[in-house]
Amino acid sequence: MLGLVEAFDLTWSRFRDDGSVGRLRAGATVDLGPGAAELLEVYDRLDAVTDGAVNPLVGGSLEHLGYDADYTLRARGVPVPAAPWSAAQRQGDRLTVPRGSTLDVGAAGKGRLVDLVAAATGVPCVVDAGGDILNLGSEALRVALEHPGDPSRAVGVAVVSPGQALCGSAVNRRAWGEGLHHVLDARTGAPVDGVVATWAVADTAMTADAVSTALFHAAPERIAAAFAYRHVTIDAEGLRASDDFPGELFA
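Residue numbers (my numbering): 883 to 1133.
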């Protein structure tokens, strides 16, 4: 199992200089291995439903704001937009990106790894990757939804049935400096301002992870044209949720 995780990290992490992301940045065409096309296709859909706001070439924009391999957490200037995802060239599992662009699959990659780990166990299990949970056990799970402004409180409880995944994201989880956090609009390179926390329930962790990011950038009905899911979001006006969200929300 550790070998699977190490191989995934070597392929997809932008925080190491010995992996595929570094070779992509240098302009090489890289075979990202079996199954890569499935993850990249999710980014095609994310790019489409968010009009380019979610784009895996956003890694350089994150680094520019200080979210780099050394975790300097010091911005190097004003935000820098990412190259458009349409500038990348893909054939199956092989990818080429504009020279100097840094791939970052944080919007869906952890969910993808959760799915792979669960499949590799070959037995009923629950995989919890710190905010990304896949329930392949025999009983439903009750999971508290953390208040983004107060980690000691919950805004509700999600019921994650067997065969379902729950993923969440919030701007307070990786925040630094003045108004800086990890959820960027790739078109501007700037942190989003509006939605502050999201959760999505779907049949796979990769889908739930992807949707939990997309909800910062696009209306739920727009996202529903490309993904099947149920959701909760928090913005300045309060909680919003799918009518059929599995669980309960607190006033």
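In this text, a Cβ means the ideal position worked out from N, Cα and C, and glycines have one as well.
The residue among 898, 922 and 1123 with its C-alpha nearest the C-alpha of residue 1077 is 1123. Inter-residue distance for residue 972 and residue 909 is about 13 Å (C-alpha atoms, whole angstroms). Take residue 1018, set aside five residues on each side of it, and the residues of its chain with a beta-carbon closer than 6 Å to its own are 1000, 1006 and 1007, in chain order.
Counting C-beta atoms within 10 angstroms of its own C-beta, residue 922 has 16 or more neighbours from the protein chains shown and is therefore classed as buried. Only residues of its own chain outside the window of five on either side were considered, and among them 993, 997, 1016 and 1047 have a CB closer than 8 Å to the CB of residue 1086, listed in chain order.
Note on geometry: alpha-carbon atoms of residue 1028 and residue 1036 lie some 4 Å from one another. For residue 887, the CB contacts under 8 Å within the same chain, skipping 5 residues up- and downstream, are 995 and 999 in chain order. Its Cα nearest to that of residue 1083, the residue 1041 stands out among 1041, 929 and 895. Taking 7 Å as the cut-off, the beta carbon of residue 1014 is found no closer than this to the beta carbon of residue 891. The beta carbon of residue 1096 sits closer than 7 Å to those of 928, 931, 932, 936 and 1105, all from its chain and outside the five residues before and after it, given in chain order.
Scanning the region 978-1054 for uninterrupted alpha helix (DSSP H) segments of 4 residues or longer gives 991-1003, listed from N- to C-terminal end. Looking from the CA of residue 1093, the closest CA among 1004, 989, 1009 and 1058 belongs to 989. Looking at the DSSP output, residue 1081 shares a beta bridge with 1050 and 1114. Counting along the chain, no alpha helix (DSSP H) covers residue 1060, and no H or E run does either. Contact between residue 1114 and residue 1098 does not hold, since their C-beta atoms are separated by about 13 Å, which reaches or exceeds 8 Å. The three-state secondary structure of residue 1067, taken from DSSP, is strand. The Cβ-Cβ distance between residue 1071 and residue 938 does not fall below 7 Å. Scanning 1131, 1033 and 1088 for the CA closest to the CA of residue 1011 turns up 1088.
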